[in-house]
Amino acid sequence: MYITASSSPSSSLLRAASAYSPTRFFRSSFRNLTSTNQASLSVINHHRRSLTSAAVGSFHCSVPRWSHRLDWRSPLNLRSEIRAFNPIIEQLQRKFATMAAEHPFKAVLTSLPRPGGGEFGKFYSLPALNDPRIDKLPYSIRILLESAIRNCDNFQVKKEDVEKIIDWENTAPKQVEIPFKPARVLLQDFTGVPAVVDLACMRDAMHKLGSDTSKINPLVPVDLVIDHSVQVDVTRSENAVQANMELEFQRNKERFSFLKWGSSAFRNMLVVPPGSGIVHQVNLEYLGRLVFNTDGILYPDSVVGTDSHTTMIDGLGVAGWGVGGIEAEAAMLGQPMSMVLPGVVGFQLSGKLRSGVTATDLVLTVTQMLRKHGVVGKFVEFYGDGMGELSLADRATIANMSPEYGATMGFFPVDHITLQYLKLTGRSDETVAMIESYLRANNMFVDYDEPQQERVYSSYLELNLAEVEPCISGPKRPHDRVPLREMKADWNSCLNNKVGFKGFAVPKEAQGKVAKFSFHGQPAELKHGSVVIAAITSCTNTSNPSVMLGAGLVAKKACELGLQVKPWIKTSLAPGSGVVTKYLLQSGLQEYLNKQGFHIVGYGCTTCIGNSGDLDESVASAISENDIIAAAVLSGNRNFEGRVHALTRANYLASPPLVVAYALAGTVDIDFDKEPIGTGKDGKSVYFKDIWPSTEDVAEAVQSSVLPNMFKSTYEAITKGNPMWNQLSVPSSTMYTWDPSSTYIHEPPYFKNMTMEPPGAHGVKDAYCLLNFGDSITTDHISPAGSIHKDSPAAKFLLDRGVEHKDFNSYGSRRGNDEVMARGTFANIRLVNKLLNGEVGPKTIHVPTGAKLYVFDAAMRYKDAGHDTIVLAGAEYGSGSSRDWAAKGPMLLGVKAVIAKSFERIHRSNLVGMGIIPLCFKSGEDADTLGLTGHERYTIDLPRKIDEIRPGQDVTVTTDNGKSFTCTVRFDTEVELAYFNNGGILPYVIRNLIKQ
1 MYITASSSPS SSLLRAASAY SPTRFFRSSF RNLTSTNQAS LSVINHHRRS
51 LTSAAVGSFH CSVPRWSHRL DWRSPLNLRS EIRAFNPIIE QLQRKFATMA
101 AEHPFKAVLT SLPRPGGGEF GKFYSLPALN DPRIDKLPYS IRILLESAIR
151 NCDNFQVKKE DVEKIIDWEN TAPKQVEIPF KPARVLLQDF TGVPAVVDLA
201 CMRDAMHKLG SDTSKINPLV PVDLVIDHSV QVDVTRSENA VQANMELEFQ
251 RNKERFSFLK WGSSAFRNML VVPPGSGIVH QVNLEYLGRL VFNTDGILYP
301 DSVVGTDSHT TMIDGLGVAG WGVGGIEAEA AMLGQPMSMV LPGVVGFQLS
351 GKLRSGVTAT DLVLTVTQML RKHGVVGKFV EFYGDGMGEL SLADRATIAN
401 MSPEYGATMG FFPVDHITLQ YLKLTGRSDE TVAMIESYLR ANNMFVDYDE
451 PQQERVYSSY LELNLAEVEP CISGPKRPHD RVPLREMKAD WNSCLNNKVG
501 FKGFAVPKEA QGKVAKFSFH GQPAELKHGS VVIAAITSCT NTSNPSVMLG
551 AGLVAKKACE LGLQVKPWIK TSLAPGSGVV TKYLLQSGLQ EYLNKQGFHI
601 VGYGCTTCIG NSGDLDESVA SAISENDIIA AAVLSGNRNF EGRVHALTRA
651 NYLASPPLVV AYALAGTVDI DFDKEPIGTG KDGKSVYFKD IWPSTEDVAE
701 AVQSSVLPNM FKSTYEAITK GNPMWNQLSV PSSTMYTWDP SSTYIHEPPY
751 FKNMTMEPPG AHGVKDAYCL LNFGDSITTD HISPAGSIHK DSPAAKFLLD
801 RGVEHKDFNS YGSRRGNDEV MARGTFANIR LVNKLLNGEV GPKTIHVPTG
851 AKLYVFDAAM RYKDAGHDTI VLAGAEYGSG SSRDWAAKGP MLLGVKAVIA
901 KSFERIHRSN LVGMGIIPLC FKSGEDADTL GLTGHERYTI DLPRKIDEIR
951 PGQDVTVTTD NGKSFTCTVR FDTEVELAYF NNGGILPYVI RNLIKQ
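Just so it is clear: in the sequence shown, position 357 is 357 by UniProt numbering, and no numbers are missing.
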């Protein structure tokens with residue numbers, strides 16, 4: 001469903017720079033501020049923070065690193081330090097103060113009274129605009145509107161932008177562009193390390209260009225949670241958490257030290273140490289503010305994150321979505337983001353889930369519906385009577401999988417259930433009262449006890465919750481939902497079908513194969529469909545007490561009936577926060593999970609991102625030697641082939657209780673309605689219905705086990721770090737000292753030989769095709785996050801530098817080293833490249849010689865010979881996780897353009913951000929219909945002057961064998977053209993910060 005051609009809402013905008021003129025900037029006269037009223041002073045303080053902080057970035061925050069106080073210095077101290085720093089900033093302050101005093105919407109700045117006297121602060125009131133169009137806006141669009149009004153200075157954000165949003169019903173279909181300034185940025189360590197590397201490198205570039213390095217500092221709060229590094233090395237052990245964390249620190253000490261350095265070298269950056277939880281659950285339970293109060297100005301929380309599942313926070317009523325790392329870096333540096341004003345799909349929920357149906361079943365159903373509807377580049381906003389039947393955790397589960405159904409956001413407006421969750425998770429009564437008062441006053445709160453104003457949506461969907469049935473998704477894509485009652489038939493179809501998303505092409509005579517082996521002296525066997533990995537994992541589900549306690553109840557009933565998970569199945573439980581451990585212990589259910597092998601292995605993403613660890617050698621050999629289609633069942637959100645584990649070709653997404661059920665069954669080749677899961681201790685058959693808990697059972701466990709003090713104590717503890725983290729020593733310098741021998745952290749070449757003059761626009765001439773792909777090439781294919789194959793170019797690079805195979809770690813952990821990541825680009829062992837005529841793997845054909853080479857080696861041959869390259873692709877190119885390395889890697893390989901049928905939203909903007917030209921075939925055309933084999937040389941006729949290129953214009957592509965076809969160039973905004981003109985977003989940011 002990525003076919004819809006729409007612009008990314010996550011490209012970054014430097015309007016300030018493009019509109020910058022020294023004459024215009026300093027021309028206005030100074031104002032006498034002594035008579036300014038208190039409201040204007042609040043505005044001045046707010047605008048001083050947002051508009052001058054680039055110039056004062058060298059003044060480090062005196063607030064403890066773990067504090068979430070946003071007023072990091074008193075205005076008086078800040079003012080005196082600025083004056084001591086640079087007299088020019090005095091002029092800037094006066095100019096900004098003047099601009100703030102002249103705020104175009106100062107008339108709607110309104111006091112929010114505090115019950116009992118005084119005020120919470122002031123806010124820009126939407127009702128005070130007295131515009132009836134606002135009453136019809138979706139709640140998600142109102143957040144964009146408030147941001148535009150509050151930040152409006154007719155400099156970065158203009159009154160015309162505000163009008164576009166107010167007139168959303170008419171402007172959204174026209175794909176108009178607006179600026180958006182998120183309140184904060186969220187990172188995890190896989191994407192956070194390269195972001196901090198880039199920031200450190202940008203400081204070096206500023207220094208080399210003779211400018212102020214302190215301009216490279218986050219200007220909005222940045223929260224970085226280290227959760228992607230822990231691997232499931234040790235399982236089925238009471239000591240698994242400690243053992244896996246020790247291994248995690250051994251492998252990642254250098255990365256962790258670098259992040260700890262960044263937390264002190266860069267202002268406004270909070271780093272949550274390893275072992276604390278999964279970023280999105282920590283965001284939901286702890287980091288999410290809902291409403292900010294900065295310098296007396298109240299405004300909604302909003303966040304962009306370098307993980308595509310940042311959307312989980314939408315379930316809390318906070319507008320958030322995933323962006324690429326390069327765009328997040330621009331947002332950190334205070335740049336407004338350019339986004340196309342999105343359409344909003346209204347999704348009405350009614351009814352109530354039937355007993356035994358889980359939130360996971362619901363989200364897989366919603367995902368399938370929305371994929372079919374087509375929501376790429378759109379917001380989805382949920383409403384209706386059914387909302388009252390969904391807990392906040394259920395909503396977060398649905399919001400979490402926005403990337404899987406293709407939407408920018410899956411938004412749940414704040415209501416009473418949201419407020420109850422805030423209290424449950426330890427937010428203070430005072431904070432909750434402020435949040436409710438502000439959102440009610442600004443018409444951003446839904447009270448279902450009151451008559452509802454009808455809102456307008458771009459399109460509508462409806463789901464009766466009672467129609468949802470138990471299901472799983474797979475074996476290779478999250479949106480390939482299979483009702484549980486049809487699973488056995490579907491599995492057998494997959495065995496028969498030709499190789500594809502729903503097929504393995506196993507010959508009939510081989511489908512009954514049994515691989516017998518010895519597991520630690522015990523007889524064992526595997527068949528096609530045998531489960532070898534069963535993982536309760538991922539932010540999607542581990543934040544939801546109902547499904548986590550449901551898994552515990554399944555384990556308990558199985559133990560009582562005498563069922564036992566087979567010992568060769570790799571079982572694991574990786575909670576999203578320490579709160580889960582507390583309520584599983586409180587309920588007494590962790591004991592039964594342990595008995596079934598689901599010991600807690602760590603607090604992080606683990607199996608969902610490919611950190612599943614090795615299978616037992618005997619199991620791995622049985623799979624490989626007998627060509628068994630082995631299965632993994634996980635409570636995750638991604639199941640692309642090659643992601644979970646190299647040896648599990650069938651990977652199914654399921655609720656945590658279903659993960660336990662399939663582990664007990666030992667196979668996905670089962671009809672739970674008709675076939676027994678196993679034999680009980682009384683010798684009788686045990687069926688699915690015998691171990692499955694009722695909704696009432698689960699609700700009772702949640703009510704008695706999930707307590708507010710669990711959240712408070714957990715997050716008070718993580719702010720203190722842990723012994724291994726606290727023992728890391730880091731330098732105090734603000735400039736990073738690069739170690740050329742490091743295989744984890746390396747200075748990237750992005751700014752090598754950079755000058756103040758942009759390189760300008762360019763076409764592509766006589767380029768070779770590096771790779772020729774079909775549909776659904778994911779970022780897992782382009783930039784793997786899993787293990788480093790022993791024969792790969794990356795492995796050779798590490799071995800040449802004395803790194804032993806056991807210390808390779810994962811690609812994700814080495815994202816701070818461009819030399820490793822360039823070699824890991826297109827290194828997925830399941831890569832299907834048409835140039836190889838059916839052979840699967842990370843190789844390609846070097847067209848001039850016909851040699852079959854690793855992709856990296858072929859790319860280097862082209863670069864050494866001075867040849868550009870392009871990539872041909874089908875639909876949904878770049879789907880999956882929002883990995884900036886999926887764009888950085890191809891750029892380093894010399895790829896100048898990607899020609900595809902359609903692009904995933906974030907990946908397309910990432911390509912632009914790295915200076916790569918994204919092109920779309922015309923509707924009904926692709927490489928096959930045009931007769932392109934990939935053995936041609938390609939010339940893309942793009943004007944040399946940037947002002948001669950328009951967003952979305954047609955360009956001609958010709959080949960050396962006489963073919964010619966038309967493509968749409970996917971620069972979707974004027975700002976993206978500016979990035980391209982500068983050779984990418986980061987050089988653009990540097991040049992414009994220097995100009996400022």
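Cβ coordinates follow ideal geometry from the N, Cα and C atoms, glycine included.
Going by DSSP, what residue range makes up the alpha helix (DSSP H) through residue i?
i	result
residue 820	818–824
residue 494	487–496
residue 598	Looking at the DSSP string, residue 598 is not in any alpha helix (DSSP H), and its letter there is neither H nor E.
residue 846	That residue, residue 846, is in no alpha helix (DSSP H); its beta strand (DSSP E) goes 843–846.
residue 322	From DSSP, residue 322 is part of no alpha helix (DSSP H) but of the beta strand (DSSP E) over 319–322.
residue 481	It is not in any alpha helix (DSSP H) - residue 481 instead sits in the beta strand (DSSP E) that spans 481–483.
residue 360	359–373
residue 138	It is not in any alpha helix (DSSP H) - residue 138 carries neither H nor E in the DSSP assignment.
residue 262	240–265
residue 966	Looking at the DSSP string, residue 966 is not in any alpha helix (DSSP H); the run it does join, the beta strand (DSSP E), is 964–969.
residue 559	545–561
Could you tell me whether the Cβ of residue i comes closer than 7 Å to any Cβ of chain D?
i	result
residue 640	Of the chains in the structure shown, none is chain D; there is only one protein chain.
From the DSSP secondary-structure annotation, give me the bridge partner or partners of residue i.
i	result
residue 186	223, 305
residue 299	292
residue 695	DSSP lists no partner for residue 695.
Locate the beta strand (DSSP E) running through residue i, then write down its first and last residues.
i	result
residue 123	119–124
residue 504	It is not in any beta strand (DSSP E) - residue 504 carries neither H nor E in the DSSP assignment.
residue 651	650–653
residue 379	379–383
residue 937	937–941
residue 918	917–921
Excluding the five sequence neighbours on either side, which residues of its own chain have a C-beta within less than 6 Å of the C-beta of residue i, listed in chain order?
i	result
residue 623	630, 647
residue 199	216
residue 794	788, 820, 823, 824
residue 961	936
For residue i, which option in the options has the closest C-alpha, if you only look at C-alpha atoms?
i	options	result
residue 261	135, 850, 737, 430	737
residue 997	163, 359, 604, 765	The chain is shown only over 1 to 996; residue 997 falls outside these bounds and no answer can be derived.
residue 640	778, 533, 896	778
residue 114	298, 415, 384	298
residue 694	271, 266, 243, 552	552
residue 811	787, 900, 514, 339	787
residue 562	352, 683, 445	683
residue 705	368, 580, 753	580
residue 574	295, 233, 371	233
residue 172	127, 466, 459	459
residue 269	254, 231, 333, 928	333
residue 385	451, 313, 330, 356	451
residue 709	542, 583, 480, 105	583
residue 527	665, 911, 948, 830	665
residue 953	970, 792, 871, 963	970
Excluding the 5 residues preceding and the 5 following residue i in the sequence, name in chain order all residues of the same chain whose CB lies nearer than 7 Å to its CB.
i	result
residue 129	108
residue 702	545, 546, 549
residue 521	none
residue 506	495, 528, 629
Pairing CB atoms from the segment 219–237 with CB atoms from the segment 314–322, are three or more of them under 8 Å?
-> Not touching, per the Cβ criterion.
Inspect the CB distances between the segment 568–577 and the segment 184–195 and report whether three or more fall short of 8 Å.
-> With contact defined as three or more Cβ pairs closer than 8 Å, the segment 568–577 and the segment 184–195 are not in contact.
Three CB pairs or more closer than 8 Å across the segment 132–139 and the segment 417–427 | Flag = no, the segment 132–139 and the segment 417–427 do not touch.
Mind the definition here: the segment 489–499 touches the segment 575–595 only if three or more C-beta pairs lie below 8 Å; say whether that holds.
-> Three or more beta-carbon pairs separated by less than 8 Å are not found between the segment 489–499 and the segment 575–595, which leaves the two stretches without contact.
Indicate whether the contact test is met: 3 or more Cβ pairs, each with one atom in the segment 469–480 and one in the segment 381–398, closer than 8 Å.
-> Contact between the segment 469–480 and the segment 381–398 is absent, because fewer than three Cβ pairs lie under 8 Å.
Would you check if there are 3 or more beta carbon pairs closer than 8 Å linking the segment 863–881 to the segment 898–914?
-> Judged by Cβ distances under 8 Å, the segment 863–881 makes contact with the segment 898–914, as three or more pairs qualify.
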